[in-house]
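Heads up, the thing below is written out as C-alpha cells.
In our numbering, the protein residues as written are 47 to 289.
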C-alpha cells in the first residue's frame, strides 16, 4: 500500500475530494425554483382583500366644490331682480296700509250688521204698533157693546158683537191675515188638521165637512192649521180639484 501511494504522488495525480462534489450538488439544488403547493378553495376564500382607504379631500378640492355650488346658485338666480332697500320699505308700507284698510272694513261691517239688526227690530216694533193702532177701535166697540148691554139689557147685543167681529176681521185682513177652513173645500194636509171622518158619498172623498176651529195664513205661510172633519166613501176627487 505504501508503494501505491508513492506511485500516485510521483505521477503527479490529484484526487478530487468527495466533499467538493457534494457541495456542488447542494448548490445546484438550492438554485432550482421551489415548488409551491397549490392553495385549496377554502384558503382562497379565507383571504380577504381589504379596500384601500380613500384619501381625504384636500382643502383645495373642498373650496372648488363650494365655488361650483355658488356658481350654480348664481345661475339659478340669474334673471331675478333682487329688491332694493327702498322697494322693501315700500312693500312694508303697502302691507301696513292694506292691514289698516282691512281692519277699517271689518269695523264698518260690524257696525253695519249692528245697525241692520237694530233697524229690523225697529221695523217689527213699528209694524206691531200699526197693528195695535188698527185694533184699538175694535176694543172700543167691545167696551161700548158691553156698556150698552149693562144699561139696556141684552137687547141688540148680538147685532153689536157681530158688527165688532166683522170689523176685527177687516183689520186683520188689512195686515195680511187670511182665514183657513170652510166647509166644502178639499182637504189639505198642510192647511187642515183632520180630527174625525164622516161617511158621505154625496161629495168627493176627503172633503171638509165641518170646521171646529179656523186656521190662519199670513204672507203665504200657515201660522195655524184648521181643525176639521173630512168625508169618506165618496167618489175619488179629480186631479184638477187636487191641484
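Each residue gets a CB set at the ideal place from its N, CA and C atoms; glycine is no exception.
Taking all protein chains in view, the Cβ of residue 221 is surrounded by fewer than 16 other Cβ atoms within 10 Å, so the residue is classified as exposed. Put simply, the stretch 270-281 touches the stretch 249-256. At least three CB pairs are less than 8 Å apart. Ranked by how close their Cα comes to the Cα of residue 258, the residues 246, 240, 139, 267 have 240 in first place.
The three-state reading of DSSP puts residue 236 in coil, since its state is none of H, G, I, E or B.
Counted as a single uninterrupted DSSP element, the beta strand (DSSP E) harbouring residue 278 occupies residues 272-278. Assignment of beta-bridge partners to residue 224 by DSSP yields 263. In this structure, DSSP gives residue 254 an extended state, which the three-state scheme calls strand. Apart from the 5 residues on each side of it in sequence, residue 207 sits with its Cβ closer than 7 Å to the Cβ of 191 in its chain, given in chain order.
For residue 181, the enclosing alpha helix (DSSP H) has its first and last residue at 131-198.
In the three-state reduction of the DSSP assignment, residue 201 falls in the coil class.
Excluding sequence positions up to five before and after residue 184, its CB lies within less than 7 Å of the CB of 210, 213, 214, 217, all in the same chain and listed in chain order.
Across the structure, residue 235 and residue 196 are spaced so that their CA atoms are roughly 45 Å apart. DSSP places residue 207 within a helical segment (H, G or I) once states are collapsed to three. Assignment of residue 249 by DSSP, reduced to helix, strand and coil, places it in the coil class.
A distance of 8 Å or more separates the beta carbons of residue 254 and residue 261.
Taking C-beta atoms as the reference points, residue 272 and residue 230 fail to come closer than 8 Å. Pairing residue 176 with residue 200, the inter-Cα distance amounts to about 33 Å. Residue pairing by DSSP places residue 243 opposite 276 in a beta bridge. Residue 283 is a Cβ neighbour of residue 232, given a cutoff of 8 Å.
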